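Be aware that the sequence shown starts at 1, since it is given in the numbering used here, and climbs by one per residue.
Structure first, then comments.
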Amino acid sequence: MATTLSTIPRDDGFFVPAEYAAHKGTWMLWPERTDNWRNGAKPAQKTFVAVASAISQFEPVTMGVNRSQFQNARQMLPLQIRVVEISNNDSWMRDCGPTFVINGKGDVRLIDWDFNAWGGLTGGLYFPWDLDDLVPQKVAEIEGIDRYKARIVLEGGSIHVDGEGTLLTTEECLLNENRNPNLSKKEIEDVLSAYTGVSEFIWLGAGIFNDETNGHVDNIACFIRPGLVALSWTDDHNDPQYPRSKDALDRLSHAKDAKGRSIEVLKIHQPDPVIITPEESEGVDSVDGTLPRNAGDRMAASYINFYMCNGGAVVPVFDDPHDALALETLQGHMPDRRVVGVAAREILLGGGNIHCITQQQPKG
Numbered sequence: 001m002a003t004t005l006s007t008i009p010r011d012d013g014f015f016v017p018a019e020y021a022a023h024k025g026t027w028m029l030w031p032e033r034t035d036n037w038r039n040g041a042k043p044a045q046k047t048f049v050a051v052a053s054a055i056s057q058f059e060p061v062t063m064g065v066n067r068s069q070f071q072n073a074r075q076m077l078p079l080q081i082r083v084v085e086i087s088n089n090d091s092w093m094r095d096c097g098p099t100f101v102i103n104g105k106g107d108v109r110l111i112d113w114d115f116n117a118w119g120g121l122t123g124g125l126y127f128p129w130d131l132d133d134l135v136p137q138k139v140a141e142i143e144g145i146d147r148y149k150a151r152i153v154l155e156g157g158s159i160h161v162d163g164e165g166t167l168l169t170t171e172e173c174l175l176n177e178n179r180n181p182n183l184s185k186k187e188i189e190d191v192l193s194a195y196t197g198v199s200e201f202i203w204l205g206a207g208i209f210n211d212e213t214n215g216h217v218d219n220i221a222c223f224i225r226p227g228l229v230a231l232s233w234t235d236d237h238n239d240p241q242y243p244r245s246k247d248a249l250d251r252l253s254h255a256k257d258a259k260g261r262s263i264e265v266l267k268i269h270q271p272d273p274v275i276i277t278p279e280e281s282e283g284v285d286s287v288d289g290t291l292p293r294n295a296g297d298r299m300a301a302s303y304i305n306f307y308m309c310n311g312g313a314v315v316p317v318f319d320d321p322h323d324a325l326a327l328e329t330l331q332g333h334m335p336d337r338r339v340v341g342v343a344a345r346e347i348l349l350g351g352g353n354i355h356c357i358t359q360q361q362p363k364g
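Listed below in structure tokens is the structure:
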């Protein structure tokens with residue numbers, strides 16, 4: 001039985017654990033909309049299968065699927081992956097799905113944030129988004145766990161936590177007028193502290209260049225462990241990403257976490273610019289109200305958009321000269337995990353990457 005609670009997580013002794021804490025499993029949603037995914041979403045579906053299969057080497061995976069795609073998804077996915085019907089507008093489980101919280105007694109609950117498709121009617125990426133906004137409640141019902149309904153617009157990809165009281169985010173996203181225009185920065189911090197249990201905020205400025213999520217932090221920086229943050233980097237001062245990454249480096253270098261530690265920064269050089277080809281653009285249906293995929297546009301490619309699972313890390317690669325070094329560097333700093341690269345251009349074409357399509361459920 002899943003109850004909607006009237007209390008807040010912090011007062012109940014609950015907090016958001018780090019992604020690198022133990023998981024019960026991973027949640028994903030199946031891609032199908034042809035105004036976002038090219039060629040009838042078939043290339044994207046194959047890539048989602050590759051990501052789910054890679055994660056399933058390490059922990060259980062559940063794929064939520066619209067009714068019309070259930071049989072197709074069940075046939076394409078390995079049998080060890082659970083397939084359940086969850087009606088949705090698109091496949092970004094990190095952002096429309098729940099954020100799970102735990103306490104010291106082994107209990108697990110979830111937070112159901114408000115979702116407005118990355119901006120609502122002011123720069124949002126599609127309309128409607130009503131089915132996506134119901135995904136956390138449906139996950140709570142499937143799992144039989146209680147939920148907190150947070151009255152704030154927030155996507156899971158806009159925050160990272162270290163599990164020890166520190167939250168990493170960007171001003172570009174959380175302070176955007178298309179999210180919570182009636183809340184000040186301090187009021188946003190107060191709400192996030194109450195729901196995630198953090199006490200210290202590290203605000204970066206902007207995210208990755210051309211990131212249509214308004215600069216989600218999970219595409220530019222993430223905690224590898226407490227006190228260590230991986231940062232998407234370029235040495236090219238003429239690249240529009242350089243001032244964004246340099247500003248992030250400066251802020252991280254002067255930051256302290258909730259335990260008073262200075263932040264060590266691990267630079268991960270970004271891939272070379274990934275550009276939408278005419279063929280890729282032509283494969284996407286043109287629909288009013290949905291962000292178009294135009295040939296020649298640069299996509300927000302980053303190795304930071306990876307996902308940590310039990311004993312593993314699944315990292316996007318792009319058939320790029322920087323792939324090998326990114327995997328090697330991450331492996332060297334996560335010796336207790338097996339780093340696995342998955343070709344992820346098809347996810348990037350939809351506007352995100354591996355971290356964006358996954359959501360961890362912590363182990364109670």
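By construction, the Cβ of each residue, glycine as well, lies at the ideal position given by its N, Cα and C atoms.
Owing to the predicted nature of the structure, the values given are computational and were not obtained by experimental measurement.
Report task. Answer yes if the segment 251–258 comes into contact with the segment 314–326, meaning at least three C-beta pairs across the two stretches below 8 Å, and no otherwise. Result -> Contact fails: fewer than three Cβ-Cβ distances are below 8 Å.
Requested in this report: Starting from E187, trace the alpha helix (DSSP H) both ways and give me its first and last residue.
Outcome: Position 187 of the sequence shown holds residue 187. Looking at the DSSP string, the run of the alpha helix (DSSP H) that includes E187 is 185–196.
Query - Three-state secondary structure assigned by DSSP to I347 - result: By one-based count along the sequence shown, residue 347 stands at place 347. Three-state result, I347: helix.
Query raised in the report: Is the shortest distance between the beta-carbon of M308 and the beta-carbons of chain C less than 8 Å?
Result: The structure shown contains no chain C; it is built from a single protein chain.
Query raised in the report: I102 lies in the alpha helix (DSSP H); which residues open and close that run?
Result: As a first step, residue 102 must be located in the sequence shown, where it is residue number 102. No alpha helix (DSSP H) contains I102, which is instead part of the beta strand (DSSP E) from 99–102.
Report task. Let me know the secondary structure DSSP gives E32 once reduced to three states. Result -> Position 32 of the sequence shown holds residue 32. Three-state result, E32: coil.
Query - According to DSSP, residues forming a beta bridge with L266 - result: Mapped onto the sequence shown, residue 266 falls at position 266. L266 is bridged to A230.
Query raised in the report: Going along the chain, which residues of its own chain have a beta-carbon closer than 8 Å to the beta-carbon of D114, five neighbours each way excluded?
Result: Taking the first residue of the sequence shown as position 1, residue 114 is located at position 114. Spatial neighbours of D114 in its own chain (CB-CB distance under 8 Å, excluding positions within 5 residues in sequence) are listed in chain order as D133, A150, R151, I152, V153, L154.
Query raised in the report: Anyone know if the C-beta pair for Q360 and E141 falls short of 8 Å?
Result: One-based indexing of the sequence shown puts residue 360 at position 360. One-based indexing of the sequence shown puts residue 141 at position 141. Contact: no.
Report task. Determine the burial state of P181: buried for a count of at least 16 other Cβ atoms within 10 Å of its Cβ, exposed for fewer. Result -> What you label residue 181 is simply residue 181 of the sequence shown in a count that begins at 1. Exposed, by the Cβ-count rule.
Query raised in the report: Would a C-beta distance cut-off of 8 Å place A73 and W30 closer than the cut-off?
Result: The residue labelled residue 73 in the question sits at position 73 within the sequence shown. The residue labelled residue 30 in the question sits at position 30 within the sequence shown. Between A73 and W30, the C-beta spacing is below 8 Å.
Query raised in the report: Can W212 and W92 be called in contact, C-beta distance under 8 Å?
Result: The residue you call residue 212 lines up with position 212 of the sequence shown. The residue you call residue 92 lines up with position 92 of the sequence shown. Checking the sequence shown, residue 212 turns out to be Glu, not Trp. No, these two residues do not count as a Cβ contact at 8 Å.
Requested in this report: Could you name each continuous beta strand (DSSP E) segment of 3 residues or more that falls completely within the segment 62–144, going from the start of the chain to the end?
Outcome: Complete beta strand (DSSP E) runs here, min 3: 82–85, 99–102, 108–114.
Query raised in the report: Among the residues of its own chain, which have a CB less than 6 Å from the CB of V39, if the five just before and after it don't count?
Result: Your numbering for residue 39 matches position 39 in the sequence shown. Val is not the amino acid found at residue 39; the sequence shown has Asn there. These residues qualify, in order along the chain: G283.
Query raised in the report: Could you give the C-beta distance for G215 and A248, rounded to a whole number, given that I count them as a contact under 8 Å?
Result: Within the sequence shown, numbered from 1, the residue matching residue 215 stands at position 215. Within the sequence shown, numbered from 1, the residue matching residue 248 stands at position 248. Contact doesn't hold; Cβ gap of about 10 Å is too wide.
Requested in this report: Using the DSSP secondary-structure output, state which residues sit across from G341 in a beta bridge.
Outcome: Locating residue 341 in the sequence shown gives position 341, counting from the first residue. Answer is V315, bridged to G341.
Query - Same chain, Cβ closer than 6 Å to A194, neighbours up to 5 away in sequence not counted - result: Working through the sequence shown from its first residue, we reach residue 194 at position 194. Once the five neighbours on either side are set aside, the close Cβ partners of A194 are I8, R10.
Query raised in the report: Using the beta-carbon count (16 or more within 10 Å), is G144 buried or exposed?
Result: Position 144 of the sequence shown, counting from 1, holds the residue named residue 144. Taking all protein chains shown into account, G144 has fewer than 16 neighbouring C-beta atoms within 10 Å of its C-beta and is therefore exposed.
Query - the segment 35–53 contacting the segment 343–356, beta-carbon criterion three pairs below 8 Å - result: In this structure the segment 35–53 lies against the segment 343–356, because at least three pairs of beta carbons, one per stretch, are closer than 8 Å.
Query raised in the report: Which value, in whole angstroms, describes the spacing of the CA atoms of F201 and S245?
Result: To locate residue 201, count along the sequence shown from 1; it is residue 201. To locate residue 245, count along the sequence shown from 1; it is residue 245. Cα-Cα distance, rounded: 18 Å.
**Report entry** C-alpha gap between P60 and Q80, whole angstroms
**Finding:** By one-based count along the sequence shown, residue 60 stands at place 60. By one-based count along the sequence shown, residue 80 stands at place 80. Rounded to whole angstroms, P60 to Q80 spans 8 Å at the Cα level.
Query raised in the report: Taking C-alpha atoms, which residue in V161, V265, I224, E189 lies nearest to W233?
Result: On the sequence shown, position 233 is the one that residue 233 refers to. Of the candidates V161, V265, I224, E189, the residue whose Cα lies closest to the Cα of W233 is V265.
Report task. Determine the direct distance from the alpha carbon of V139 to that of M63, and round the result to whole angstroms. Result -> Position 63 of the sequence shown holds residue 63. Position 139 of the sequence shown holds residue 139. Take the alpha-carbon of M63 and the one of V139: they are about 11 Å apart.
Requested in this report: Tell me whether the beta-carbon of L175 lies closer than 8 Å to the beta-carbon of A221.
Outcome: Counting from 1 along the sequence shown, the entry for residue 175 is found at position 175. Counting from 1 along the sequence shown, the entry for residue 221 is found at position 221. Between L175 and A221, the C-beta spacing is not below 8 Å.
Query raised in the report: Sorry if obvious, but does the Cβ on P271 come closer than 7 Å to a heavy atom of the ligand FAD?
Result: This structure lacks the ligand FAD, and indeed carries no ligand of any kind.
Report task. Provide the residue span of the alpha helix (DSSP H) that contains R251, from first to last. Result -> If you number the sequence shown from 1, residue 251 lands on position 251. Element bounds for R251: 242–253.
Query - 4-residue-minimum alpha helix (DSSP H) runs that sit fully inside the segment 271–333, ordered along the chain - result: Secondary structure within the segment 271–333: the alpha helix (DSSP H) runs of 4 or more consecutive residues, fully enclosed, are 278–282, 323–333 (chain order).
Report task. Determine the extent of the beta strand (DSSP E) in which Q360 is found, giving its start and end residues. Result -> Here residue 360 refers to the residue found at position 360 when the sequence shown is read from its first residue. Its beta strand (DSSP E) spans residues 359–362.
Query - Distance, A301 Cα to D285 Cα - result: In the sequence shown, counting from the first residue as 1, residue 285 sits at position 285. In the sequence shown, counting from the first residue as 1, residue 301 sits at position 301. Taking the straight line from one Cα to the other gives about 22 Å.
Query - E16 (DSSP reduced to helix, strand or coil) - result: As a position in the sequence shown, residue 16 is number 16, starting the count at 1. Per the sequence presented here, residue 16 reads as Val, with Glu not at that position. Of the three classes helix, strand and coil, the one that applies to V16 here is coil, per DSSP.
Report task. Determine the burial state of P240: buried for a count of at least 16 other Cβ atoms within 10 Å of its Cβ, exposed for fewer. Result -> Here residue 240 is taken as the residue at index 240 of the sequence shown, counted from 1. Exposed, by the Cβ-count rule.
Query raised in the report: Distance, Cα to Cα, R298 vs P273?
Result: Taking the first residue of the sequence shown as 1, we reach residue 298 at position 298. Taking the first residue of the sequence shown as 1, we reach residue 273 at position 273. Each residue's alpha carbon lies about 6 Å from the other.
**Report entry** Beta-carbon gap between D95 and G25 smaller than 8 Å
**Finding:** Stepping through the sequence shown from its first residue, residue 95 is reached at position 95. Stepping through the sequence shown from its first residue, residue 25 is reached at position 25. No, these two residues do not count as a Cβ contact at 8 Å.
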